[in-house]
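Each residue of the sequence shown is one higher than the one before, starting from 29 at the first, in my numbering. Just so you know, even glycine gets a beta-carbon here, dropped at the ideal spot from N, CA and C. Model, not experiment: these values are computed from the prediction. Notes for the one structure printed next.
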Amino acid sequence: MKKKIIAANFKMNKTNEDIRKYFAVFLDLINGLKDKISAGDSDLDSELIFAPPFTSLCETLNIIEPYLDFIKLSSQNVYFEKSGAHTGEVSIDMIKSCGCDYAIIGHSERRNIFRESDELIGKKIGAVYNDGRIIPILCVGENLEIRKRNGQEKFVENQLAVGLNSVKGKSVSSLIVAYEPVWAIGTGMPIKADDGEAMHGFIYDYIKSGFSIGELRVIYGGSVTEANIEELMGKPHIDGVLVGGASLDPQSFYNIFKKGGRL
Ligand code: 13P
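So, in structure tokens, the structure goes:
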């Protein structure tokens with residue numbers, strides 16, 4: 029069965045000390061669940077993913093080690109080259125060696141603040157997907173101006189086309205796409221669940237036209253909280269969420285997981 033995803037993107041927040049404090053609270057909240065899962069006695073149909081900054085990946089891995097059955101690690105970025113003179117960049121081998129199973133690629137903050145182009149993002153997706161050890165989470169989404177003129181489908185279609193251009197073969201079965209409209213990120217203005225469902229359906233249809241989709245998942249990000257998680261997760265094409273601000277507090281993220289993760 030394809031699992032739903034509840035993912036936390038910490039962005040540029042939390043030192044290693046903050047991480048230790050966070051997980052002391054979070055793991056305490058989740059402890060009963062761990063026993064249920066180990067006993068095969070839970071109807072958990074979700075994967076819990078944390079994307080801390082690079083500097084805390086290994087620290088987080090050490091802390092969540094007993095929980096790796098259902099808590100996974102993601103990086104917030106990765107470079108497409110294997111090694112060499114690329115100061116400040118981090119390779120697939122490096123994130124793998126800190127326990128990552130996922131990598132967020134093409135987040136709108138990378139695109140807008142650091143000027144990452146569709147082409148660069150396409151190279152990263154191709155390198156990671158073709159390597160096969162890490163599942164890429166390809167982020168797409170339009171800004172407010174595009175949404176106001178109803179251009180979101182064309183815009184996202186282009187991001188997907190270039191983003192998937194270097195994927196070898198015709199299957200994207202293990203890919204995750206995160207639809208994160210820029211106007212909804214960090215604004216407290218989440219998308220209406222019906223509008224989200226429409227965009228997710230569009231993304232499914234577009235990818236289906238060029239690839240066999242297998243277990244492709246399309247998740248939503250942008251002002252997700254415990255107040256809107258259930259409505260969003262109730263939609264058939266919304267396979268999970270990528271949470272920024274509301275993931276930074278362990279109790280608030282646990283509440284999101286509990287409501288959205290069908291425990
Ligand atoms: P917020 O949940 O803070 O809106 O951020 C969403 C996001 O960018 C997740 O990657």
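Range of the contiguous beta strand (DSSP E) that encloses residue i
| i | result |
| --- | --- |
| Ala131 | Cys128 to Ile133 |
| Arg245 | Arg245 to Gly249 |
| Lys100 | Ile99 to Ser103 |
| Leu270 | Gly268 to Val271 |
| Glu75 | Ser74 to Ala79 |
| Asn37 | Lys32 to Asn37 |
Check: residue i C-beta below 6 Å from any heavy atom of ligand 1
| i | result |
| --- | --- |
| Asn171 | no |
| Ile213 | yes |
| Ser251 | yes |
| Gly134 | no |
| Leu276 | no |
| Asn59 | no |
| Asn305 | Nothing can be reported for residue 305: it is not among the residues displayed for the chain, which extend from 29 to 291. |
| Asn37 | yes |
| Gly272 | yes |
Residue i to residue j span [Cα, whole Å]
| i | j | result |
| --- | --- | --- |
| Tyr107 | Pro164 | 12 Å |
| Tyr282 | Asn59 | 12 Å |
| Lys236 | Asp146 | 20 Å |
| Val168 | Asn178 | 16 Å |
| Pro81 | Gln104 | 7 Å |
| Val53 | Phe78 | 15 Å |
| Leu61 | Leu96 | 13 Å |
| Glu144 | Gly150 | 10 Å |
| Lys31 | Gly289 | 10 Å |
| Ile241 | Ile153 | 16 Å |
| Ala189 | Gln279 | 38 Å |
| Lys100 | Lys42 | 18 Å |
| Asn140 | Asp63 | 43 Å |
| His114 | Leu270 | 29 Å |
| Leu166 | Lys196 | 16 Å |
| Ile33 | Ser111 | 31 Å |
| Leu85 | Ile123 | 8 Å |
| Asp267 | Ala206 | 10 Å |
| Thr215 | Asn158 | 35 Å |
| Asp222 | Phe38 | 27 Å |
| Asn90 | Ile47 | 11 Å |
| Glu258 | Lys220 | 12 Å |
First and last residue of the uninterrupted alpha helix (DSSP H) at residue i
| i | result |
| --- | --- |
| Ile153 | Asp146 to Asp159 |
| Glu170 | That residue, Glu170, is in no alpha helix (DSSP H); it is neither H nor E in DSSP. |
| Pro278 | Pro278 to Gly288 |
| Leu96 | From DSSP, Leu96 is part of no alpha helix (DSSP H); its letter is neither H nor E. |
| Ser125 | Ile120 to Ser125 |
Inter-residue CB distance, residue i and residue j (contact presumed, cutoff 8 Å)
| i | j | result |
| --- | --- | --- |
| Ser136 | Glu254 | That pair is no contact at about 23 Å. |
| Leu244 | Ser201 | 7 Å |
| Ser102 | Cys126 | That belief does not hold up - the Cβ atoms of Ser102 and Cys126 are roughly 11 Å apart, past 8 Å. |
| Ser251 | Ala36 | That belief does not hold up - the Cβ atoms of Ser251 and Ala36 are roughly 14 Å apart, past 8 Å. |
| Glu225 | Lys286 | Contact doesn't hold; Cβ gap of about 22 Å is too wide. |
| Tyr234 | Glu170 | That pair is no contact at about 14 Å. |
| Glu181 | Phe230 | 5 Å |
Chain B within 7 Å of residue i, Cβ atoms only
| i | result |
| --- | --- |
| Phe183 | The structure shown contains no chain B; it holds only a single protein chain. |
Practice task
Only counting runs of 3 or more residues, tell me where the beta strand (DSSP E) segments fall wholly within the region 160–234, in order along the chain.
Solution key: 163–168 and 204–207
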